[in-house]
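Trainee: The numbers in my numbering rise by one with no breaks, and the one at position 127 of the sequence shown is 335.
All C-beta atoms, glycine included, are put in the ideal place defined by N, C-alpha and C.
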Amino acid sequence: MFKNVLFQLHWLLGITAGAVLAVMGLSGAVLSFEDELLRAANPGFAEIAEHHADGQLPLALSELVPLLQAGGDRPLQRLRVDATGQRPSVARFAGGKEHWVYFDPYSGERFSALRGQAFFDFVEDLHRHLAAGERGKWITGSCAIALLFFTLSGLYLRWPRRWWHWRSWLAVEWKRSGRGFLWSLHSVVGTWVLLIYLMSALTGLWWSFDWYRSAANTLLGVAPAAKHKVATGAALNLERIEATL
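(1) Which one of S315, P368, E306 has the shortest CA to CA distance from A321?
(2) Tell me L287's beta-bridge partners as DSSP assigns them.
(3) Roughly how far, in whole angstroms, is the beta-carbon of V401 from the beta-carbon of L393, given that I think they are within contact range, below 8 Å?
(4) Can you give me the C-alpha to C-alpha distance between L428 and D418, rounded to a whole angstrom?
(5) Among the residues of its own chain, which have a CB less than 6 Å from the CB of H218, if the five just before and after it don't count?
(6) Applying the criterion that 16 or more other CB atoms from any shown protein chain within 10 Å of the CB defines a buried residue, is V175 buried or exposed?
(7) So, do the segment 257 to 267 and the segment 219 to 236 have three or more beta carbon pairs nearer to each other than 8 Å?
(8) Going by C-alpha to C-alpha distance, which of D243, Q325, S416, A248 sits closest to K345?
(9) Between G303 and L246, how many whole angstroms is the CB-CB distance? I'm expecting something under 8 Å.
(10) Answer yes or no: do P266 and Y310 have a C-beta to C-beta separation smaller than 9 Å?
(11) From the DSSP output, read off the bridge partner residues of Y310.
(12) With respect to the alpha helix (DSSP H) encompassing D418, which residues constitute its N-terminal and C-terminal limits?
(13) Taking the alpha carbon of K473 as the point to measure from, which residue in Y364, A249, V331 has its own alpha carbon closest?
(14) Using CA atoms only, rank isn't needed, just tell me which of F358, V397, G341 is closest to S376.
(15) For my contact list, L378 and T399 are in at a C-beta cut-off of 8 Å; report their separation, rounded to the angstrom.
(16) Tell me where the alpha helix (DSSP H) around N250 begins and ends.
This is the structure we're talking about:
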């Protein structure tokens with residue numbers, strides 16, 4: 209009885225949450241190639257890489273930051289400098305992505321826009337929130353819980369009688385046909401990817417739910433990060449920032 213109910217839940221969530229998980233998986237796969245595709249679409253990265261290969265040094269932050277802040281009064285919230293040209297260097301000013309500035313760390317030259325960046329921004333939003341804001345974030349988090357259920361229930365449902373034989377776990381029974389073959393294929397493939405799915409679910413929940421993040425920090429003995437209020441008009445301590453690069 210219990211096994212039958214578990215199977216029905218496994219099947220039902222597979223055709224509902226599974227569709228959302230497929231979207232998350234495909235969008236995540238696209239994001240994994242973001243840096244490579246952006247480099248291919250923006251020739252400026254090649255020039256930055258050449259500067260790095262020639263042993264040149266990027267501008268000091270004391271020179272770079274004023275160039276980026278010129279003509280604007282919005283506070284700088286985050287700065288990423290990649291002198292290798294492998295990833296875009298970006299200054300994130302308050303007010304959203306329309307106020308982010310991409311730049312050449314060797315000259316301080318601003319890029320009007322990165323080709324393809326808007327596409328990847330959308331893909332990231334789709335991956336994390338289904339492009340539906342907080343409601344979408346709740347849905348993707350719930351589907352991450354469903355993925356965790358898939359891994360554990362699937363392991364229970366496919367537990368072989370001769371569990372001590374590795375072939376029962378890792379080898380498809382090619383001689384079977386019809387539903388028997390599909391069951392064997394599904395079970396074996398599920399076993400191969402079980403750890404990947406488990407890690408995807410456990411790490412994905414970190415970004416979805418505060419309660420999960422707090423519980424994980426407590427379990428790992430990590431103190432929660434202190435929240436500091438930063439005055440918008442305060443000057444940046446550039447020497448301290450530069451020491452972290």
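Mentor: Taking the coordinates as given:
(1) Locating residue 321 in the sequence shown gives position 113, counting from the first residue. Closest by alpha carbon: E306.
(2) Reading the sequence shown from its first residue, position 79 is the one you call residue 287. According to DSSP, L287 bridges with A299.
(3) For the purposes of this step, residue 401 is taken as the residue at position 193 of the sequence shown. For the purposes of this step, residue 393 is taken as the residue at position 185 of the sequence shown. Taking C-beta atoms under 8 Å as the contact rule, V401 and L393 fail to qualify, at a distance of about 13 Å.
(4) Within the sequence shown, numbered from 1, the residue matching residue 428 stands at position 220. Within the sequence shown, numbered from 1, the residue matching residue 418 stands at position 210. Distance between the alpha carbons of L428 and D418 is about 15 Å.
(5) Within the sequence shown, numbered from 1, the residue matching residue 218 stands at position 10. Close CB contacts of H218 within its chain, under the 6 Å cut and outside five residues either way in sequence, are with S361 (chain order).
(6) For the chain, the structure presents residues 209 to 453; residue 175 sits outside this window and is missing.
(7) Taking 8 Å as the limit for Cβ pairs, the verdict is that the segment 219 to 236 does not touch the segment 257 to 267.
(8) Indexing the sequence shown from 1 puts residue 345 at position 137. When each option's Cα is compared against that of K345, the closest is S416.
(9) Reading the sequence shown from its first residue, position 95 is the one you call residue 303. Reading the sequence shown from its first residue, position 38 is the one you call residue 246. Cβ atoms of G303 and L246 stay farther apart than 8 Å, at about 23 Å.
(10) What you label residue 266 is simply residue 58 of the sequence shown in a count that begins at 1. What you label residue 310 is simply residue 102 of the sequence shown in a count that begins at 1. No, they are not a contact pair.
(11) Counted from its first residue, the sequence shown places residue 310 at position 102. The partner list for Y310 (beta bridge, DSSP) reads V298, F319.
(12) Taking the first residue of the sequence shown as position 1, residue 418 is located at position 210. In the DSSP assignment, D418 falls within the alpha helix (DSSP H) that extends over 418 to 428.
(13) Residue numbering for the chain in the displayed model covers 209 to 453; residue 473 lies beyond these limits and cannot be assessed.
(14) Indexing the sequence shown from 1 puts residue 376 at position 168. If we check each option's Cα against that of S376, V397 comes out closest.
(15) Taking the sequence shown and counting its residues from 1, the one referred to as residue 378 is at position 170. Taking the sequence shown and counting its residues from 1, the one referred to as residue 399 is at position 191. Contact annotation, L378 with T399: C-beta distance approximately 6 Å; criterion of less than 8 Å satisfied.
(16) Within the sequence shown, residue 250 is the residue found at index 42, counting from 1. That residue, N250, is in no alpha helix (DSSP H); it is neither H nor E in DSSP.
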